[in-house]
Amino acid sequence: MTPEVYAELLQDALSLQTELSQWRRFLHQYPELSGDENGTAAFVAGKLEEMGVEGLQTHFAGTAAVIAEIRGAHAGPTVALRADMDALPILEKNEFDFASQNTGVMHACGHDAHTTVLLGAAQLLMQNRQHLHGVVRLIFQPAEEVMDQAGAAHLVQAGVLDSPAVAAIFGLHVYPDLPVGEVATRPGPMMASADIFEIQLHGKGTHASRPHQGIDTVLLAAEVISSLHHIVSRRIDPLHPAVLTIGRVEGGKADNVIPDRVVLGGTVRTLDPELQAQIPHLIEKTLWGLCEAYGGRFEMTYQKGTAPVHNHPEATEFCLSTLRTLLGDSAVRVLPEPSMGGEDFGEYLKGVPGTFFRLGVRNQEKGITAPLHSAYFNLDEGALPIGAAAMAALALQWLAQAPAAD
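Using full-length UniProt numbering, the letters of the sequence shown map in sequence onto residues 1 to 406.
What follows is the structure, encoded as structure tokens:
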């Protein structure tokens, strides 16, 4: 694309500011939990129909996913753009007039913005079909926030990247540590895998004055917590990052009774798929040893979650170059290190080249600084047209320089 096309694309995106803000605020008011995004999906499908987008599929693979395709004026390959739609079980504490109307549910991770950005990109792509050399597949994905429902892995298994095969995929996430107007990414490891586990420790309950007559599950739990944290510091190469966190401990109801059961819940994060597969065995081996020593027993459920997000080097260099042309060099950062946060976009990148990048939404002057998953999370809506233009530009430029489809 020529510099003039980039400039016109960005200007067209900025002219959508009012509309994008309205869409985002509607979605923010009516958030829906993972696996229950039917109202959001209906809103998305309605907007795409108004734009004249073709190839619209709702309830894809038995989920709330909305899939659509924009066909350009010229033949070419297929590129995909993805946004997630689900919200979190958080009671919103913001007091603005578009705060959540669904008590206990909130768009605290910015998926209302992601959905809005992809709708904006669709609008821009429809306006630029004459420059489009191929097909853009839009993926509005449910259930990113959970691992036991139909998120990215389920859609990939159902063929969302097939027929015709997607040549590349791009996605973004709002980022409250990055100022509005800026974007950022990095080649290689971008985000971690995210597994969860639950451990039930069984012993023998007894009165607190007679611990020798029981098997103390509280003491066993303390030893387990300490030993599991030693896995990362003593059993794993420090050059291969991993995080193991116990976030839940449940057991006992009386101060003077040793309970017969304690439950622990936690999460494991890694950047390496091989390490992701190794850690459950290390946990289990540790539990066997401690339970044998203390006379207890354990049950563990370990749920493998999202794959690490590993940005493809060539696609990331393309992404950085395209976004610099669109927004200027000063607005595009290369991240110095990955995040240990989880994101299921990595499921798409296991089989298709692509890049996941961050969209700055922070505005210190307006007091928009709350972190993701906070009950006070908000974003500077000036980021919405920037994100829409970025996604549209990536699709347009990738198809413009890709070999023509057979």
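Ideal placement from N, C-alpha and C gives every residue a C-beta, glycine not left out.
Residues near residue i by beta carbon distance below 7 Å, same chain, minus five either side
| i | result |
| --- | --- |
| P211 | I258 |
| A331 | G181, E182, V183 |
| E284 | M300 |
| residue 416 | As displayed, the chain neither begins before 1 nor continues past 406, which places residue 416 out of reach and without an answer. |
| L48 | L56, A68, A122 |
| D12 | L124, Q127 |
| G341 | M191, A192 |
| G120 | A13, L16, L20, L384, P385, A388 |
Local conformation of residue i per DSSP, three classes
| i | result |
| --- | --- |
| S339 | strand |
| Q101 | coil |
| V53 | coil |
| R186 | coil |
| V218 | helix |
| F96 | coil |
| L124 | helix |
| H111 | helix |
| A80 | strand |
| F43 | helix |
| L138 | strand |
| Y6 | helix |
| T267 | strand |
| V66 | strand |
| L91 | coil |
| L27 | helix |
| P179 | strand |
| V160 | coil |
| V117 | helix |
| L14 | helix |
| L132 | coil |
| A143 | coil |
| L20 | helix |
| A168 | strand |
| A75 | strand |
Inter-residue CB distance, residue i and residue j (contact presumed, cutoff 8 Å)
| i | j | result |
| --- | --- | --- |
| G110 | V361 | 7 Å |
| E347 | A307 | 6 Å |
| G382 | A168 | That pair is no contact at about 28 Å. |
| I231 | I279 | 7 Å |
| H74 | L132 | 7 Å |
| N363 | A370 | In fact, because the Cβ distance is near 11 Å, the residues do not count as touching under 8 Å. |
| T18 | A41 | Not quite, the Cβ-Cβ distance comes to about 24 Å (not below 8 Å), so this is no contact. |
Residue closest to residue i, alpha-carbon to alpha-carbon, out of the options
| i | options | result |
| --- | --- | --- |
| residue 428 | S233, H281, Q276, V218 | It is not possible to answer for residue 428, since the shown part of the chain is limited to 1 through 406. |
| A61 | P142, Q17, R24 | P142 |
| R297 | G171, L287, L271 | L287 |
| S21 | A242, E274, P385 | P385 |
| T325 | Q397, K366, G351 | Q397 |
| V135 | L239, G214, A80 | A80 |
| T78 | Q276, F43, V66, V352 | V352 |
| K253 | H207, I225, N311 | H207 |
| L349 | A7, E50, Q17, R82 | R82 |
| Y302 | L327, H281, M1, E50 | H281 |
| I199 | G159, L228, G205 | L228 |
| Q213 | W23, Q364, E223, D260 | D260 |
| K204 | I215, A194, D195 | I215 |
| A390 | L10, V5, M1 | L10 |
| L201 | W23, G251, L118 | G251 |
| R248 | G266, R129, R24 | G266 |
Cβ of residue i within 8 Å of any chain B Cβ
| i | result |
| --- | --- |
| G351 | No chain B appears in the structure shown, which is made up of a single protein chain. |
Neighbourhood of residue i by C-beta, 8 Å cutoff - its chain only, sequence neighbours within 5 removed
| i | result |
| --- | --- |
| R358 | L172, H173, V174, Y175, L178, V183, A184, T185, L335 |
| P313 | P187, G188 |
| A375 | I90, L91, E92, K93, N94, M106, A108 |
| E54 | A68, E69, I70, R71 |
| H28 | F98, A99, S100, H107, D112 |
| L275 | I236, H240, A242 |
| H373 | L88, I90, A108, C109 |
| S209 | N256 |
| G104 | P89, I90, L91 |
| A400 | M1, H131, H133 |
Residues near residue i in its chain [Cβ-Cβ closer than 6 Å; skip 5 each side]
| i | result |
| --- | --- |
| F345 | G171, V309, F356 |
| Y294 | L220 |
| V243 | R269, M340 |
| F140 | V44, V66, A83, M85 |
| E223 | L290 |
For the stretch 347-405, which segments carrying the alpha helix (DSSP H) assignment without a break, of at least 4 residues, lie completely within its bounds, in sequence order? Listed in chain order, the complete alpha helix (DSSP H) runs (minimum 4 residues) inside the stretch 347-405 are 383-401.
Those runs of the alpha helix (DSSP H) which lie wholly inside the stretch 186-260 and span at least 4 residues: Annotation: the stretch 186-260 contains the following complete segments of the alpha helix (DSSP H) (minimum length 4 residues), in chain order: 217-230.
Going along the chain, which unbroken runs of the beta strand (DSSP E) with 3 or more residues stay wholly within the stretch 278-335? You should have 297-306, 309-311, 332-334.
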